[in-house]
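Read through the structure below, which is laid out as structure tokens, and then see the notes.
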Amino acid sequence: MPGTFLCRSIFRFAIFLIATLALSISVAGQKGRKHKRAAVGALYATRADVMQQAQELAQRLELDPQWVHHALAQARYVPAIAQAVLPPSHGTAKNWAAYRSRFIEPIRIRAGVRFWSDNRAALARAEQESGVPAAIIVGIVGVESIYGSQSGSYRVMDALCTLAFDFPAAHPRAAQRSAFFRSELEAFLRLTQRTHTDPLALRGSYAGALGMPQFMPSNWDKYGVDFDGDGHVDLFHSPVDVIGSVANYFKAFNWQRDMPTHYPVRLVAQGFEKLALLAPDIVPTFTPANFVALGAELDAAALQHPGLLALVELHNGKAAPQYLAGTDNFYAITRYNWSSYYALAVIELGNAVAAAMQQ
73 MPGTFLCRSI FRFAIFLIAT LALSISVAGQ KGRKHKRAAV GALYATRADV
123 MQQAQELAQR LELDPQWVHH ALAQARYVPA IAQAVLPPSH GTAKNWAAYR
173 SRFIEPIRIR AGVRFWSDNR AALARAEQES GVPAAIIVGI VGVESIYGSQ
223 SGSYRVMDAL CTLAFDFPAA HPRAAQRSAF FRSELEAFLR LTQRTHTDPL
273 ALRGSYAGAL GMPQFMPSNW DKYGVDFDGD GHVDLFHSPV DVIGSVANYF
323 KAFNWQRDMP THYPVRLVAQ GFEKLALLAP DIVPTFTPAN FVALGAELDA
373 AALQHPGLLA LVELHNGKAA PQYLAGTDNF YAITRYNWSS YYALAVIELG
423 NAVAAAMQQ
């Protein structure tokens with residue numbers, strides 16, 4: 073009947089308006105999110121050279137050619153990733169205070185307290201077995217991913233393909249870095265094939281790092297530990313596996329049980345041979361006696377240190393730099409990320425969480 077038809081028409085139009093409004097709200101919400109999805113370029117399916125390499129990869133790795141071809145073909149070039157790996161522009165001053173404030177702050181500390189409280193037994197077992205303090209493990213997971221809450225939003229296949237096949241030529245070590253990411257792409261394909269995981273489903277950092285501890289794919293294979301004993305290594309969802317794997321990583325890089333990470337340093341105004349002390353970078357090179365002879369004063373504990381030390385310089389913008397004497401354990405932390413700023417942030421976040429646990 074005409075009246076019924078009219079009512080149905082009005083009803084359908086109302087539904088259309090509601091759906092349109094809901095879609096508009098959804099899109100607006102997505103645009104307003106803090107972490108926007110990065111713009112992407114062309115599919116690698118359009119690159120004949122990459123598709124040829126897919127065949128070679130499959131043959132060399134003894135993987136299903138169709139599976140490898142599909143994975144690489146569906147990956148996309150991401151310009152933001154290529155930009156992110158370029159060194160900072162010249163003239164960008166390092167600032168330890170600013171860097172520190174990004175990591176030693178209330179949100180991470182509160183999350184660290186929850187992580188430590190929830191995983192006391194695993195942290196204690198890892199410390200007992202490896203010698204790596206619980207505070208260092210907690211500091212690593214907090215700096216890397218805020219305990220899994222920010223483990224990366226890029227498709228790992230996009231990140232690894234972008235950096236393997238289109239690493240920016242402007243980078244001073246472009247050839248070496250491109251080769252590194254090709255090897256990581258291979259490791260990722262082996263990992264996902266072995267675990268029956270869709271390689272296009274996993275997300276991580278712009279460099280292709282994965283899970284709570286942000287392991288690169290090759291490190292998942294080398295250092296990942298089934299610490300919860302369920303038969304597989306899960307660095308996305310198992311905090312216990314994450315704890316055991318981080319401890320195993322540092323154990324592999326010669327973490328020394330009960331050794332401090334660093335000591336305070338006071339510079340002698342006269343006779344401070346800064347260039348000589350900084351020449352080895354952050355590699356422990358000097359005995360405590362050598363350290364003092366080159367013009368850096370150490371406290372009583374540092375003077376009794378049985379190993380070698382490195383002078384670590386932390387710039388503070390226009391303010392005076394900060395110095396400390398790094399041990400082999402400080403150097404071990406930089407094997408996770410070659411940065412003295414990173415290492416000290418890990419140490420101080422772990423200490424801040426430990427202090428908050430006592431309150």
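Just so we're aligned, residue 73 is where the sequence shown starts under my numbering, counting upward by one. Backbone N, C-alpha and C fix where the C-beta goes; we use that ideal spot for every residue, glycine too.
Proximity to V185 across C233, S173 and I209 peaks at I209, based on C-alpha coordinates. Secondary structure of P151 (DSSP, three-state): helix.
The residue from P240, A207 and A143 with its alpha-carbon nearest to that of L421 is A207.
The continuous stretches of alpha helix (DSSP H) do not include A241, and DSSP gives it neither H nor E. For E134, there is no enclosing alpha helix (DSSP H), as DSSP marks it with neither H nor E. No Cβ-Cβ contact shorter than 7 Å links G224 with R174. Bounds of the beta strand (DSSP E) holding A368 are A368 to L370. Judged by pairs of C-beta atoms under 8 Å, the stretch 333-341 touches the stretch 371-382, as three or more such pairs exist.
Here the stretch 313-332 makes contact with the stretch 394-408; the two share three or more CB pairs at distances below 8 Å. In its chain, beyond the 5 residues on either side, F239 have a beta carbon closer than 6 Å to the beta carbon of A246.
Exclusion of the five residues before and after I354 leaves A382, V384, G398, Y403, T406 and S412 as the residues of its chain whose Cβ lies within less than 7 Å of its Cβ. The beta-carbon separation of Y278 and A231, rounded to 6 Å, stays under the 8 Å limit for a contact. For A426, the uninterrupted alpha helix (DSSP H) segment begins and ends at S412 to M429. Straight across, the Cα-Cα distance linking R329 with N388 is about 31 Å. Counted as a single uninterrupted DSSP element, the alpha helix (DSSP H) harbouring V314 occupies residues P311 to A324. Distance between D270 and A152, taken at the CA atoms: about 23 Å.
A Cβ-Cβ contact shorter than 7 Å links L263 with P289.
Judged by DSSP in its simplified three-state form, V305 adopts coil rather than helix or strand.
Residues T234, L235, D238, F239 and P240 of the same chain have their beta carbon placed closer than 8 Å to that of A154, with the five preceding and five following residues left out of the count. Rounded to whole angstroms, the gap between the alpha carbons of S317 and G211 is 14 Å. The beta carbon of Y295 is closer than 8 Å to those of F287, S317, N320, Y321 and A324 in its chain, skipping five residues each way along the sequence. For E385, DSSP records a beta bridge to Y395. In this structure, H141 sits away from A120, with a CB-CB distance that is not shorter than 7 Å. Looking at the DSSP output, R254 shares a beta bridge with no other residue.
Counting along the chain, V364 sits inside the alpha helix (DSSP H) bounded by residues P360 to A365.
Looking at the DSSP output, P332 bridges to nothing. Closest in C-alpha terms to A170, from the list A259, Y414 and M429, comes Y414. Taken through DSSP and simplified to helix, strand or coil, L263 comes out as helix. Distance from the CA of I315 to the CA of H304, rounded to the nearest whole angstrom, comes to 14 Å. One thing to note: M229 has its Cβ within 7 Å of the Cβ of L272. Selection A183, T118 and R197 evaluated against V213 yields A183 as nearest (Cα-Cα). The shortest C-alpha to C-alpha distance from P311 to any of A145, S255, E134 and G220 is the one to G220. The DSSP-derived three-state label of Y116 is helix. Nearest to L380 by C-alpha distance, out of K390, L366, A361 and A365, is A361. Check the Cα spacing between P160 and each of H243, I181 and A428: the tightest is with H243. Note that the C-beta distance between P352 and D400 is not below 7 Å.
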